[in-house]
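Chemist: Okay, handing you the structure first.
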Amino acid sequence: MELQPKLLRTIEDGHVIPVGGSHERHVDVRIIAATNQNLAESIRKGTFREDLYFRLTRFTVEAPPLRERKEDLPLLIDHFLNMLSVEMGIPRPTLSSEVLELIMNYPFPGNVRELKNIIEHGLIRSSGESTIRPEHLHLVDLNSQNAEQDPASSIDKDDEVDLEHIEEIMIQRAQSGSREQDSSDSTDEEKILSYIREYGRISNAECRDILSADRHRATYLLQKMRRYGLLVREDELRWARYRLP
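Numbering (the working numbering), first residue to last: 2 to 246.
Written out as structure tokens, the structure is:
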């Protein structure tokens, strides 16, 4: 609330005082604002200023949820398949007719972000296969009495389970003394964890070497494992190295 009067004043007279400055400066900008909140309800509750609301709503574009614009699905699916397959360093798969039917009839409670997660989940589960099939998907039916998971986090939780399973495998191998065995049957994540346990840290270049992967695949795996708490990143950008927490 304390920021809203300042924004309102800037919109009205076009002047700001930069952080650390002592003089006003004129700015000529166009403001595009977006929200998924009910601002009329926020005004009634006193959490959003009515005068700011009317300054921002000179022209309003309503963006309907994904379930109300199914005609956009083919384009979005194609976009996410292209983008994510490049990030993972795998060939771009196709979707089976059964998968397309499931997606077209799905209500998407998590909107476009959920579609991205569904496609990413399918790519991970299909493990580089040429076709994503129904068993590779994870869809949450909010109308089902059996839907007990939080739809906003269900796919991420599945990935966390996968990575926890990797940790369990590594511990079991260490306890059984089998860590020196041929690593040809290890997953990429297992190879990364094994390398860090031996050398302390791993860089993107080292990850590419041990996996025989390109930069996109190595970056995707390291960032994914960091996102789920298996790795901690040191430094930034090209100098980044990863270690165990």
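Even glycine gets a Cβ: it sits at the ideal position worked out from N, Cα and C.
Keep in mind that this is a model prediction, so the values were computed, not measured.
Could you compute how far the alpha carbon of histidine 16 sits from the alpha carbon of leucine 77?
Modeler: Counted from its first residue, the sequence shown places residue 16 at position 15. Counted from its first residue, the sequence shown places residue 77 at position 76. Spanning the two alpha carbons is a distance of roughly 40 Å.
Chemist: Taking the beta carbon of lysine 158 as the centre, do at least 16 other beta carbons fall within 10 Å, making it buried, or is it exposed?
Modeler: Working through the sequence shown from its first residue, we reach residue 158 at position 157. Legend: pLDDT at lysine 158 = 44, less than 50; position of this residue unreliable, value from coordinates given subsequently. Counting Cβ neighbours within 10 Å, lysine 158 comes out exposed, since fewer than 16 surround it.
Chemist: If I measure Cβ to Cβ from valine 87 and keep anything under 7 Å in the same chain, skipping five residues before and after, which residues do I get?
Modeler: As a first step, residue 87 must be located in the sequence shown, where it is residue number 86. His217.
Chemist: Is arginine 228 near tyrosine 243, with beta carbons less than 8 Å apart?
Modeler: As a first step, residue 228 is located in the sequence shown; it is residue number 227 there, counting from the start. As a first step, residue 243 is located in the sequence shown; it is residue number 242 there, counting from the start. Against a cut-off of 8 Å, the Cβ pair of tyrosine 243 and arginine 228 comes out as no contact.
Chemist: Just checking my contact of threonine 95 with serine 131 at CB under 8 Å: how many whole Å lie between their CB atoms?
Modeler: Here the question's residue 95 lines up with position 94 in the sequence shown. Here the question's residue 131 lines up with position 130 in the sequence shown. Indeed they touch by this definition, with Cβ atoms about 7 Å apart.
Chemist: Assuming arginine 68 and phenylalanine 109 are in contact, meaning their beta carbons sit under 8 Å apart, how far apart are those beta carbons, in whole angstroms?
Modeler: As a working mapping, residue 68 is identified with position 67 in the sequence shown. As a working mapping, residue 109 is identified with position 108 in the sequence shown. Indeed they touch by this definition, with Cβ atoms about 5 Å apart.
Chemist: What's the C-alpha gap between leucine 47 and methionine 2?
Modeler: Residue numbering aside, residue 47 sits at position 46 when the sequence shown is read from its first letter. Residue numbering aside, residue 2 sits at position 1 when the sequence shown is read from its first letter. The sequence shown places glycine at residue 47, not leucine. C-alpha separation (whole angstroms): 9 Å.
Chemist: Do you know offhand how far isoleucine 120's Cα is from aspartate 52's?
Modeler: By 1-based counting over the sequence shown, the position of residue 120 is 119. By 1-based counting over the sequence shown, the position of residue 52 is 51. Roughly 42 Å between the two C-alpha positions.
Chemist: Residue range of the beta strand (DSSP E) that arginine 234 falls in?
Modeler: On the sequence shown, position 233 is the one that residue 234 refers to. Residues 233-235.
Chemist: Looking at C-alpha atoms only, which residue of Gly22, Gly21, Ile18 and Glu63 is the closest neighbour of asparagine 37?
Modeler: Residue mapping note: residue 37 aligns to position 36 of the sequence shown, counting from 1. Checking every option, the nearest Cα to that of asparagine 37 belongs to Glu63.
Chemist: Considering only residues of the same chain and omitting the five flanking positions on each side of isoleucine 197, which have a CB-CB separation below 8 Å?
Modeler: By one-based count along the sequence shown, residue 197 stands at place 196. Ile203, Leu232, Tyr243, Arg244 and Leu245.
Chemist: Are the Cβ atoms of valine 113 and arginine 134 separated by less than 8 Å?
Modeler: Position 112 of the sequence shown, counted from the start, is the residue given in the question as residue 113. Position 133 of the sequence shown, counted from the start, is the residue given in the question as residue 134. Going by C-beta atoms, valine 113 is not nearer than 8 Å to arginine 134.
Chemist: Look up threonine 95 in the DSSP assignment and give the residues it is bridged to.
Modeler: For the purposes of this step, residue 95 is taken as the residue at position 94 of the sequence shown. Looking at the DSSP assignment, threonine 95 forms a beta bridge with Thr132.
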